[in-house]
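Take a look at the structure below.
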Ligand code: PEP
Ligand code: MN
């Protein structure tokens, strides 16, 4: 059950509600976000919710049978939209494109990708500076200097930045340069990191864990929401299965399932989802047809020279062709 509280609720009104819930054997947790004030209630007893609905200080009350609550679609009439600026909205009518290198490598590389994005009307650049790599000997990213470099190039062009944060201690130094924090697949259940992101007022894109279930992804989002941050985006990026003909099994089913279960926007990452360049564009389009609110993919001027994930990275020509197709597709949706 979710009780939406009025902003001006008094402490007496709050304790009246608390006492009533206690009487009904419900545990409740108060959640205050940048957009609302809630009591998330867990309990089993059946009672007429109108009793609480009519109490002073209550704005609305909803029965949510799912085990995750705040991210559930069951209580929110409208899907969540994340407004990045006057024109850029995630979860709106038009699909959003986020594109960029797997890793930030150099000023020249970011400059050329930024120009490519600008030319093609893409307003969000991805690019990792803290890289989770299977091997400790692989390129692990340029760190904060790479992010500053990305920001220095993207900011004047009005291109927003999405980048991965790997641990809580990186948040403070990263925050001034980041528009959307990405939680990577390997950190999808790093609960301390999720808690810390809940205390910020910045959008967070959470990737599905490498072997994560849909429910686990929703619970990860619930961690962030219940700490105070509603600006959440879910991301399908493929899961590990017995199939080894490609890097991951891109779970296109998950897109509609997530859209049905949650009010949060869903973004598809076909680059990591399949891990093979030739298939990325088709899967990106398939994701949008399946209802994704946008795509995130890897692009590089010379993918064969990329320091990470070159095998799944589009070159500029492939990327342009994909963007053109996305525009045609989205015009036919609306
Ligand atoms: C990435 O986006 O470059 C990345 C490492 O993704 P994932 O966490 O999905 O593997
Ligand atoms: Mn990558």
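In the numbering used here, the protein residues as written are 309 to 642. Note that the Cβ used here is the ideal one computed from N, Cα and C, for glycine as well. Quantities reported herein were computed from a predicted structural model and do not represent experimental measurements.
To the nearest angstrom, how far is it from the Cα of residue 522 to the Cα of residue 550? The straight-line gap from Cα to Cα measures roughly 18 angstroms.
With a threshold of 16 other CB atoms inside 10 Å of the CB of residue 485, please say whether the residue is buried or exposed. buried
Indicate whether residue 570 and residue 337 have their beta-carbon atoms separated by less than 9 angstroms. In this structure, residue 570 lies away from residue 337, with their beta-carbon atoms at least 9 angstroms apart.
So residue 509 and residue 312 are in contact, right, with Cβ under 8 angstroms, and what is the actual spacing, rounded? Cβ atoms of residue 509 and residue 312 stay farther apart than 8 angstroms, at about 19 angstroms.
Pick helix, strand or coil for residue 421, following the three-state DSSP scheme. Reduced to three states, the DSSP call for residue 421 is helix.
Looking at C-alpha atoms only, which residue of 352, 364, 349, 353 is the closest neighbour of residue 320? For the residues 352, 364, 349, 353, the minimum Cα distance to residue 320 belongs to 364.
Buried versus exposed call for residue 511 [16 or more other C-beta atoms within 10 Å across all chains shown]: buried
Excluding the five sequence neighbours on either side, which residues of its own chain have a C-beta within less than 7 angstroms of the C-beta of residue 329, listed in chain order? Scanning its chain for C-beta atoms nearer than 7 angstroms, with the 5 sequence neighbours on each side dropped, one finds around residue 329 the residues 336, 349, in chain order.
Between which two residues does the alpha helix (DSSP H) harbouring residue 585 extend? Residue 585 -> alpha helix (DSSP H) spans 585-597.
Might you give, ordered along the chain, the residues of its own chain that have their beta carbon closer than 6 angstroms to the beta carbon of residue 450, omitting 5 neighbours on each side? 412, 437
Is it right to say residue 475 is buried, meaning 16 or more other beta carbons lie within 10 angstroms of its own, or is it exposed? exposed
Chain D contact for residue 639 (CB, 9 angstroms cutoff): The question asks about chain D, but that chain is absent: this structure has only one protein chain.
Please check the pair residue 540 and residue 529, which I expect to be a contact at CB under 8 angstroms, by giving their CB distance rounded to whole angstroms. 5 angstroms
Over what stretch of residues does the beta strand (DSSP E) that includes residue 336 continue unbroken? 335-340
Using a Cβ-based criterion (distance less than 8 angstroms to any ligand heavy atom), does residue 580 qualify as near the ligand MN? yes
Should residue 472 be counted as a contact of the ligand PEP given a C-beta to heavy atom distance under 8 angstroms? The ligand PEP approaches residue 472 closely enough that one of its heavy atoms is under 8 angstroms from the residue's Cβ.
Within 9 angstroms, strictly: CB atoms of residue 543 and residue 516: yes
Leaving out the 5 sequence neighbours to the left and right, which residues in its chain are closer than 7 angstroms to residue 430 when beta-carbon positions are compared? 405, 407, 631
Heavy atoms of the ligand MN versus C-beta positions, residues under 5 angstroms: Taken from the N-terminal end onward, the list reads 410, 617.
Quick check on DSSP: helix, strand or coil for residue 358? Reduced to three states, the DSSP call for residue 358 is helix.
Quick check: the Cα distance between residue 421 and residue 478, rounded to an integer number of angstroms? 25 angstroms
Check this for me: beta carbons of residue 603 and residue 576, under 9 angstroms apart or not? yes
Bridge partner(s) assigned by DSSP for residue 411: According to DSSP, which records beta bridges pairwise, residue 411 is partnered with 436.
With DSSP collapsed to three states, give me the class of residue 475. coil
Nearest-angstrom beta carbon gap, residue 579 and residue 606 [assumed within contact, 8 angstroms]: 4 angstroms
Once the 5 residues before and after residue 315 are set aside, which same chain residues still bring their CB inside 7 angstroms of it? 345
According to DSSP, is residue 401 helix, strand or coil? Here DSSP, grouped into helix, strand and coil, assigns residue 401 to coil.
Kindly list the residues whose CB is nearer than 6 angstroms to the CB of residue 638, restricted to its own chain and excluding five residues on each side of it in sequence; keep chain order. 402, 403
Please classify residue 558 as buried or exposed, where buried requires at least 16 neighbouring CB atoms within 10 angstroms. buried
From this set, 310, 482, 481, 340, which residue's C-alpha is nearest residue 295's C-alpha? Since the displayed the chain opens at 309 and closes at 642, residue 295 lies outside it and no answer follows.
Extent of the continuous alpha helix (DSSP H) run through residue 566: 560-569
So, with DSSP's three-state summary, where would you put residue 577? coil
Residue 489, enclosing beta strand (DSSP E) - first and last residue: 488-491
Can you tell me the Cα-Cα spacing of residue 555 and residue 593, whole angstroms? Going by C-alpha positions, residue 555 is about 19 angstroms away from residue 593.
What residues match up with residue 309 in a beta bridge as DSSP calls it? Answer is none; residue 309 lacks a bridge partner.
With 16 as the cutoff for other CB atoms within 10 Å, does residue 553 come out buried or exposed? With fewer than 16 other Cβ atoms within 10 Å, it is exposed.
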